[in-house]
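Numbering (full-length UniProt numbering), first residue to last: 1 to 74. In this text, a Cβ means the ideal position worked out from N, Cα and C, and glycines have one as well. Working notes, beginning with the structure itself.
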């Protein structure tokens, strides 16, 4: 019995494709006359209280993850 081979050239002959890199695009503001301070979050006291029962994380990894979160997630 012969072994079946997939259609196409063997893997050794297939050229490797370069991966595309995501490029961040800096777009102009949609309204240049808009006040840029509207995009900045307010003082922490105005952002609301933390969820009840959301105490300190139990391990260092969780604490590190919470420190990396943007302020508007709190």
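Cutoff 6 Å; reference residue i; Cβ partners in own chain excluding five residues on either side
{"i": "residue 23", "result": "none"}
{"i": "residue 84", "result": "Residue 84 is absent from the model: the chain starts at 1 and stops at 74."}
Where residue i sits in the DSSP three-state scheme
{"i": "residue 63", "result": "helix"}
{"i": "residue 28", "result": "coil"}
{"i": "residue 71", "result": "helix"}
{"i": "residue 36", "result": "helix"}
Contacts around residue i, its chain only, beta-carbon distance under 7 Å, and the 5 residues preceding and following it disregarded
{"i": "residue 43", "result": "none"}
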